[in-house]
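Engineer: Line by line, the protein sequences are chains F and A. Using the working numbering, the first residue of the first sequence is number 1214, and each one after it goes up by one. Using the working numbering, the first residue of the second sequence is number 2, and each one after it goes up by one. The structure follows.
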Amino acid sequence: MNTPFNFRLTKFPNEAEILRHEVREFLSDALKDVPKETRAETWYGADENFSRKVGQQGWIGLNWPKEHGGAGRSSMERYVILEEMLTAGAPVGAHWISDRQSGPLIIRYGTEKHQKELLPGILKGESYFCIGMSEPDSGSDLAALRTKAEKKGDIYLVNGTKLWTSGAHRCQYMIALFRTSQEEDRHGGFSQFIVDLSLPGVTIRPIIDLAGRHHFNEVIFEDVEVPQDMLIGTEGNGWNQVTAELALERSGPERYLSSYMLLQELVNEFSNKNDDEGVTEIGRQMSHLTTLRQMSVSVAGMLDQGENPALEASVVKDLGAVFEQELPNIAHRLMGLEPDSKGTDFQRYLAILTQISPSFSLRGGTREILRGIIARGLGLR
Amino acid sequence: MLNETSQLLSDSVEKIFSDHVTKDCIISAEKGEWPESLWNEVIENGLNLVLVPENLGGVGGSWFDAGILFKAIGRYQAPIPLAENIVAGYLLGLGEVPFPENSIITLLDGELQLSDNKLSGVSHRTPFGNHSTHGVAIIGDNSKSKLVLVPILDNSTSDDKNIALESRSNIEFKDVEALHVIDVDFSSDLILKIGALMRSCQIAGGLESLLDQSVRYANERIQFGRPIAKFQAIQQELAVLATHVAASGVAADYASSSMDDGGDELAIASAKSRVDDAISICASIAHQVHGAIGFTYEHGLHFSTRRLWSWRAEYGSGGYWAKILGEKAVSNGADNFWPSITSGKI
């Protein structure tokens, strides 16, 4: 056996490198007034004005087909936009999910009506989607979810609760996985819906995280009447549709760049110090960053070729989260300064990243689930 | 997807190594025996000439191709200086010198002086020194250096070994007449850099072998009535091992291909540092999964781990290269940090 992984080096085409310079120029102007702690949050940070500006540039849906209003460019070019935004600390959170997976899902499984009505708002950076998967009794065990959508005439009647829904309070829509029937196969009987969050019976309650921020929510559905034509894809095929999204969700640059600003700040701090230990540690982290980037880009290349790199994506996400989580600890060890949200730039980055780092190996699939997927790929289960 | 040359080389090295690099072959090499038939196969197939230009009778392959062979050496623990000979062929090619026939060349390193085309000094811990017929050295630390090919004379080599029991000879030169002395515009640092690339790839291959053996063993070994692979504790450990093996393979490939793109230090330094980190994690997990049997000489796991523990310190440890990366990063400044990552140049 050689490794079951299929990472191939992938190079950015020339046009991607040209685009990179355009993005850098745009960001140096657009981010002038964005405060440091917002930058440190990267894709946790949301700014609707910023998202609209990105939409005006034509940089949302860059790799979507032209007939759907996209620019029909490659995933590699889209990747450049993402990594440049993240490393500049752009507040991309508002449109991030719609661009990454809701839009592509609508293009792949949606009806013409879905596409005509929903894609233009996404492309303009005005229409935002959240993902409704986890529930109070269904975290890692997604198939245990209970929220029901019962077919009644030309509507589905939805009852239940979604939990940990990032950004629901600023989204117009949720793409939700509901149970539409009870099947013997525990992965059967699920369907995906596009739910207009302004429908009667939908309540969105904030859940404040440990850093005092409002990012995720509890979304309660009480006799919500979802029109029948808002089912997306095939009834009963929800599980397969959801798992197909996972490679998109797990391999992007956001899976290893969450603490990037802290590393850059360490480079800044050690520019004026004569400290071999610190400098060596910075170099070591660079070697991890460089390698993770090549791995993640490789997955983007596979996606571009229409392959399904679900296993490779899990590898990138697991290693990426370890890297992102380690950086605040390394920064602490090297600098020994208190994380302080009113302190120096370094202390402010440290304050926010130290606190949010536990989420890096929870969101989008926990470490244990990812390693289970990898173990299956190795033929162990 | 590999191109035609790469695929051919890959198939050919896999065939040769899987036929010849048996456990017995490695054990007798550890006792000092030269694996004649293995080496002959390698030479007959021209694997040592992958980086020799076609006009000098070589394959004219890329560094990426060479990387494929380096990784295979690590994966099979092939006890031969193929990597060193590939690099020697490359260096000679830079000086327009053809690869001397029927020779085994090693890479010299140490305090060596050249006077009237005669080499003196000691090359320390030279890989496969006491099996080699010739040595290549770069004398000089600036852009006006000499590329030198010298014969290795009888009774000039020590029989030192690394902990993997691979020959690491001290070779003494006393006014040894060089066969070729060529003016070149690169310094002796080039051997350090290429050496780091070569070992990084070999390590990436060695790590693959750890994963392969560990997965196989976990599926075979039965405890508490089932294969230990069925326990989540073992699955999670092996998954971690696999992620670092995957990362090392990518780091090594990136380094090889960066040589084809001009040879900036960023990718090579990153690779050596990254695979060094991976060894600490992977060797520990592989041995843990194997339990006591993996700690015996009888079981073959150590053919990989002892090589990894030796190779990680050669041609600059991970820490050495990390320091170089870090120094360059801080001197370039924070604003240039990300651009250096995206351009692959530091």
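For glycine and all other residues, C-beta sits at the position ideal for the given N, C-alpha and C.
Is A:K147 buried or exposed, if buried means 16 or more other CB atoms sit within 10 Å of its CB?
Structural biologist: Residue mapping note: residue 147 of chain A aligns to position 146 of the second sequence, counting from 1. Label assigned to A:K147: buried.
Engineer: With a Cβ-Cβ cutoff of 9 Å, do F:S1288 and F:D1517 count as a contact?
Structural biologist: Reading the first sequence from its first residue, position 75 is the one you call residue 1288 of chain F. Reading the first sequence from its first residue, position 304 is the one you call residue 1517 of chain F. It is a contact, given that the beta carbons lie within the stated cut-off.
Engineer: Grab me the residues of A:V88's own chain with a C-beta within less than 7 Å of its C-beta, minus the 5 sequence neighbours each way, in chain order.
Structural biologist: Counted from its first residue, the second sequence places residue 88 of chain A at position 87. These residues qualify, in order along the chain: L108, I195 and M199.
Engineer: 9 Å is my cut-off, CB to CB: does F:V1480 come that close to chain A?
Structural biologist: As a working mapping, residue 1480 of chain F is identified with position 267 in the first sequence. With 9 Å as the cut-off, F:V1480 counts as an interface residue toward chain A.
Engineer: Quick one: is F:L1591 buried, meaning 16 or more other Cβ sit within 10 Å of its Cβ, or exposed?
Structural biologist: Within the first sequence, the letter at position 378 stands for residue 1591 of chain F. By the neighbour-count rule (16 or more Cβ atoms within 10 Å), F:L1591 is buried.
Engineer: Give the secondary structure of F:R1418 by DSSP, where H, G and I count as helix, E and B as strand, and everything else as coil.
Structural biologist: Stepping through the first sequence from its first residue, residue 1418 of chain F is reached at position 205. F:R1418: strand per DSSP, three-state reduction.
Engineer: Since F:L1547 meets chain A, which of its residues come closer than 7 Å, beta carbon to beta carbon?
Structural biologist: Your numbering for residue 1547 of chain F matches position 334 in the first sequence. Near F:L1547 there are no residues of chain A at all, since even the closest Cβ is about 11 Å away, more than 7 Å.
Engineer: What residues in the stretch 1218 to 1240 of chain F bring their beta carbon closer than 8 Å to a beta carbon of chain A?
Structural biologist: Within the stretch 1218 to 1240 of chain F, the qualifying residues are F1218, F1220, R1221, L1222 and R1233.
Engineer: Report back the beta-carbon spacing between A:V53 and A:V43 to the nearest angstrom; my notes put them in contact at under 8 Å.
Structural biologist: If you number the second sequence from 1, residue 53 of chain A lands on position 52. If you number the second sequence from 1, residue 43 of chain A lands on position 42. Their Cβ separation, rounded to whole angstroms, is 14 Å, which puts A:V53 and A:V43 out of contact at 8 Å.
Engineer: Please state whether the Cβ-Cβ distance between F:S1527 and F:R1463 is less than 9 Å.
Structural biologist: Sequence index remark: in the first sequence, residue 1527 of chain F carries index 314 (1-based). Sequence index remark: in the first sequence, residue 1463 of chain F carries index 250 (1-based). For F:S1527 and F:R1463, yes; Cβs fall inside 9 Å.
Engineer: Name the DSSP bridge partner or partners of A:E112?
Structural biologist: In the second sequence, the residue the question calls residue 112 of chain A occupies position 111. Note: A:E112 sits in a beta bridge opposite A:V123.
Engineer: Between the Cα of F:S1241 and those of F:G1302, F:M1443, F:D1350 and F:K1486, spot the shortest distance and give me the residue it belongs to.
Structural biologist: Position 28 of the first sequence, counted from the first residue, corresponds to residue 1241 of chain F. Of F:G1302, F:M1443, F:D1350 and F:K1486, the residue nearest in Cα terms is F:G1302.
Engineer: Which word fits F:G1366, buried or exposed, when buried means at least 16 other C-beta atoms lie within 10 angstroms of its C-beta?
Structural biologist: For the purposes of this step, residue 1366 of chain F is taken as the residue at position 153 of the first sequence. Exposed, by the Cβ-count rule.
Engineer: Take every Cβ of the stretch 1505 to 1513 of chain F, pair it with every Cβ of the stretch 1464 to 1482 of chain F, and state whether three or more of those distances are shorter than 8 Å.
Structural biologist: Cβ pair count under 8 Å is three or more, so yes.
Engineer: Between A:I192, A:E209, A:S344 and A:A314, which has its C-alpha nearest A:Y91's C-alpha?
Structural biologist: Looking up residue 91 of chain A in the second sequence gives position 90. Of A:I192, A:E209, A:S344 and A:A314, the residue nearest in Cα terms is A:I192.
Engineer: Using a C-beta to C-beta distance shorter than 9 Å, which residues of chain F count as neighbours of A:Q114?
Structural biologist: Taking the second sequence and counting its residues from 1, the one referred to as residue 114 of chain A is at position 113. Within 9 Å Cβ-Cβ: nothing; A:Q114 doesn't reach chain F, min ~31 Å.
Engineer: Just to confirm before moving on: does the CB-CB distance between F:L1331 and F:I1344 stay below 9 Å?
Structural biologist: Taking the first residue of the first sequence as 1, we reach residue 1331 of chain F at position 118. Taking the first residue of the first sequence as 1, we reach residue 1344 of chain F at position 131. Against a cut-off of 9 Å, the Cβ pair of F:I1344 and F:L1331 comes out as no contact.
Engineer: Should A:N220 be flagged as near chain F, meaning a C-beta pair shorter than 9 Å?
Structural biologist: On the second sequence, residue 220 of chain A is found 219 positions in, with the first residue counted as 1. Judged by the 9 Å Cβ criterion, A:N220 is in contact with chain F.
Engineer: For A:S305, which option in A:I164, A:A335, A:T134 and A:S274 has the closest C-alpha, if you only look at C-alpha atoms?
Structural biologist: One-based indexing of the second sequence puts residue 305 of chain A at position 304. Considering only alpha carbons, the answer is A:I164.
Engineer: Taking A:H135 as part of the beta strand (DSSP E), name the residues at either end of that continuous run.
Structural biologist: Within the second sequence, the letter at position 134 stands for residue 135 of chain A. That run of the beta strand (DSSP E) goes H135 to I140.
Engineer: Taking the alpha helix (DSSP H) that A:N333 falls in, what are its first and last residues?
Structural biologist: Within the second sequence, the letter at position 332 stands for residue 333 of chain A. Its alpha helix (DSSP H) spans residues G319 to N333.
Engineer: By a C-beta neighbour count over all protein chains shown, 10 Å radius and 16 as the cutoff for buried, is F:H1428 buried or exposed?
Structural biologist: Position 215 of the first sequence, counting from 1, holds the residue named residue 1428 of chain F. The residue in question, F:H1428, is buried, as its Cβ has 16 or more Cβ neighbours within 10 Å.
Engineer: Taking just the CA atoms, how far does A:I235 sit from A:G292?
Structural biologist: On the second sequence, residue 292 of chain A is found 291 positions in, with the first residue counted as 1. On the second sequence, residue 235 of chain A is found 234 positions in, with the first residue counted as 1. Computed Cα separation, rounded: 12 Å.
Engineer: For F:G1577, does the three-state DSSP call read helix, strand or coil?
Structural biologist: Position 364 of the first sequence holds residue 1577 of chain F. Correct three-state label for F:G1577: coil.
Engineer: So for F:L1332, helix, strand or coil by DSSP?
Structural biologist: By one-based count along the first sequence, residue 1332 of chain F stands at place 119. Residue state, collapsed to three classes: helix.
Engineer: According to the Cβ coordinates, are F:T1216 and A:D12 closer than 9 Å?
Structural biologist: Counting from 1 along the first sequence, the entry for residue 1216 of chain F is found at position 3. Counting from 1 along the second sequence, the entry for residue 12 of chain A is found at position 11. The answer is no: Cβ separation not under 9 Å.
Engineer: Hey, how far is the Cα of F:E1230 from the Cα of F:K1224?
Structural biologist: If you number the first sequence from 1, residue 1230 of chain F lands on position 17. If you number the first sequence from 1, residue 1224 of chain F lands on position 11. Rounded to the nearest angstrom, the two C-alpha atoms are 10 Å apart.
Engineer: My output table needs one value for F:G1373: the three-state DSSP class, helix, strand or coil.
Structural biologist: Within the first sequence, the letter at position 160 stands for residue 1373 of chain F. F:G1373 falls in the strand class under three-state DSSP.
Engineer: For a contact defined as C-beta to C-beta under 9 Å, what are the partners of A:L166 on chain F?
Structural biologist: Residue numbering aside, residue 166 of chain A sits at position 165 when the second sequence is read from its first letter. What A:L166 touches in chain F: nothing, since even the nearest Cβ is about 26 Å away.
Engineer: Out of curiosity, what's the CA-to-CA distance linking A:S19 and A:G33?
Structural biologist: Your numbering for residue 19 of chain A matches position 18 in the second sequence. Your numbering for residue 33 of chain A matches position 32 in the second sequence. Roughly 21 Å separates the two Cα atoms.
Engineer: Does the Cβ-Cβ distance between F:T1393 and F:S1404 come in under 9 Å?
Structural biologist: For the purposes of this step, residue 1393 of chain F is taken as the residue at position 180 of the first sequence. For the purposes of this step, residue 1404 of chain F is taken as the residue at position 191 of the first sequence. Yes.
Engineer: With a Cβ-Cβ cutoff of 9 Å, do F:K1458 and F:K1375 count as a contact?
Structural biologist: Stepping through the first sequence from its first residue, residue 1458 of chain F is reached at position 245. Stepping through the first sequence from its first residue, residue 1375 of chain F is reached at position 162. One detail in the question is off: residue 1458 of chain F reads as Glu in this sequence, not Lys. Going by C-beta atoms, F:E1458 is not nearer than 9 Å to F:K1375.
Engineer: Output the distance between the C-alpha atoms of F:V1305 and A:Q8, rounded to the nearest integer angstrom.
Structural biologist: Reading the first sequence from its first residue, position 92 is the one you call residue 1305 of chain F. Reading the second sequence from its first residue, position 7 is the one you call residue 8 of chain A. The straight-line gap from Cα to Cα measures roughly 42 Å.
Engineer: Could you tell me the distance, in whole angstroms, from the CA atom of F:N1487 to the CA atom of A:A330?
Structural biologist: Residue mapping note: residue 1487 of chain F aligns to position 274 of the first sequence, counting from 1. Residue mapping note: residue 330 of chain A aligns to position 329 of the second sequence, counting from 1. Rounded to the nearest angstrom, the two C-alpha atoms are 13 Å apart.
Engineer: Could you check whether F:S1500 and A:N326 sit closer than 9 Å to each other, using their CB atoms as the reference points?
Structural biologist: In the second sequence, residue 326 of chain A corresponds to position 325, counting from 1. In the first sequence, residue 1500 of chain F corresponds to position 287, counting from 1. A small correction: the amino acid at residue 326 of chain A is Leu; Asn does not occupy that position in the sequence shown. Yes, the Cβ-Cβ distance between A:L326 and F:S1500 is below 9 Å.
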